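This report refers to the structure that appears directly beneath it.
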Amino acid sequence: MAFIISIIIAYLLGSLSFAVIVAKLMKLPDPRTTGSGNAGATNMLRVGGRQAAFYVLLGDAAKGLIAVLIARFLNVQGVSLAFVGLVAVLGHLFPVYFKFRGGKGVATMMGVLLGLSFWIGLFVIATWVIVVSIFRYSSVAALVSAVAAPIYTIIAGRTDYLFPVLIIAILIIWKHWENFQRLRKGTEDKVKL
Numbered sequence: 033m034a035f036i037i038s039i040i041i042a043y044l045l046g047s048l049s050f051a052v053i054v055a056k057l058m059k060l061p062d063p064r065t066t067g068s069g070n071a072g073a074t075n076m077l078r079v080g081g082r083q084a085a086f087y088v089l090l091g092d093a094a095k096g097l098i099a100v101l102i103a104r105f106l107n108v109q110g111v112s113l114a115f116v117g118l119v120a121v122l123g124h125l126f127p128v129y130f131k132f133r134g135g136k137g138v139a140t141m142m143g144v145l146l147g148l149s150f151w152i153g154l155f156v157i158a159t160w161v162i163v164v165s166i167f168r169y170s171s172v173a174a175l176v177s178a179v180a181a182p183i184y185t186i187i188a189g190r191t192d193y194l195f196p197v198l199i200i201a202i203l204i205i206w207k208h209w210e211n212f213q214r215l216r217k218g219t220e221d222k223v224k225l
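Start counting at 1 in the sequence shown, then tack on 32, and there's your number in the working numbering.
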């Protein structure tokens, strides 16, 4: 029963689209119809600046972390806990409150990973920061971080988390497919930090 409750909470929390919420609160254009059209922190950086992007990043990561921490509190463990994190990411990608049009899941993945294992989460965040600092492409940082997440999970000895983390990584890569096509064509926008 605790697992089912955790799954429901994770999906409902994951469905909170902080890009849309922050845009409304700050009286900014809807990120789903402006910039890249993505309801995420990188597009909010373009649409509303650093402060708006920071709030979105914080909110999207926090909901993933909180979903996992609630499940931990309910004594959900191992692969079941990692599946709760996966559902939080699915909520972000396909939010029930926003007609199933969500973001790409990177910040939520980071929050989930911090909840599963502080060190795995920290290394994935560090990987993203290093890659975006070098290449200035959020999509490249997302790809490298998504690929790194299952690798770090194996290195940390948490093979019980591996299958759900692998699914999260595949979903994030899939959601960035258009970005990768733009990278190939040389039309992908760089991030201005």
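Glycine is no exception: its CB is placed at the ideal position from the N, C-alpha and C atoms.
The structure displayed is predicted, hence computed values, not measured ones.
message: Judging by CA-CA distance, which residue of K56, G117 and G46 is the nearest neighbour of G134?
response: G46
- request: Let me know the secondary structure DSSP gives A71 once reduced to three states.
  value: coil
Residue range of the alpha helix (DSSP H) that includes K95: R82 to F105
query: For S171, which residues from the same chain have a beta carbon less than 7 Å from its beta carbon, with the 5 sequence-adjacent residues on both sides left out?
result: H208, N211, F212, L215 and E220
task: Verify whether the separation of the beta carbon atoms of G143 and A94 is less than 8 Å.
output: yes
- request: Please classify S171: does DSSP put it in a helix, a strand, or coil?
  value: helix
field: Nearest neighbour of N107, chosen from T140, A34 and P182 [CA to CA]
entry: A34
Nearest-angstrom Cα separation, counted from A120 out to A73: 17 Å
query: If you drop the 5 nearest sequence neighbours on each side, which residues of the same chain put their C-beta closer than 8 Å to that of Y129?
result: S47, L48 and S49
- prompt: Does DSSP put A158 in a helix, in a strand, or in coil?
  reply: helix
query: For the alpha helix (DSSP H) that Q213 lies in, which residues bound it at each end?
result: W209 to K217
- prompt: In this structure, does DSSP put V108 in helix, strand or coil?
  reply: coil
- prompt: Hey, is the stretch 145 to 153 in contact with the stretch 83 to 103, meaning 3+ C-beta pairs nearer than 8 Å?
  reply: yes
field: Pick from P182, A42 and N70 that is closest to A55, judged by C-alpha positions
entry: N70
task: Kindly list the residues whose CB is nearer than 8 Å to the CB of P196, restricted to its own chain and excluding five residues on each side of it in sequence; keep chain order.
output: V111, A114, F115, G117 and L118
- prompt: Under 8 Å, do I152 and A188 count as touching if we go by C-beta distance?
  reply: yes
message: Going by beta-carbon coordinates alone, are V156 and A181 separated by less than 8 Å?
response: yes
- request: Classify F126 as helix, strand or coil using the three-state DSSP reduction.
  value: coil
- request: Could you check the C-alpha separation between V88 and A51 for me, to the nearest Å?
  value: 5 Å
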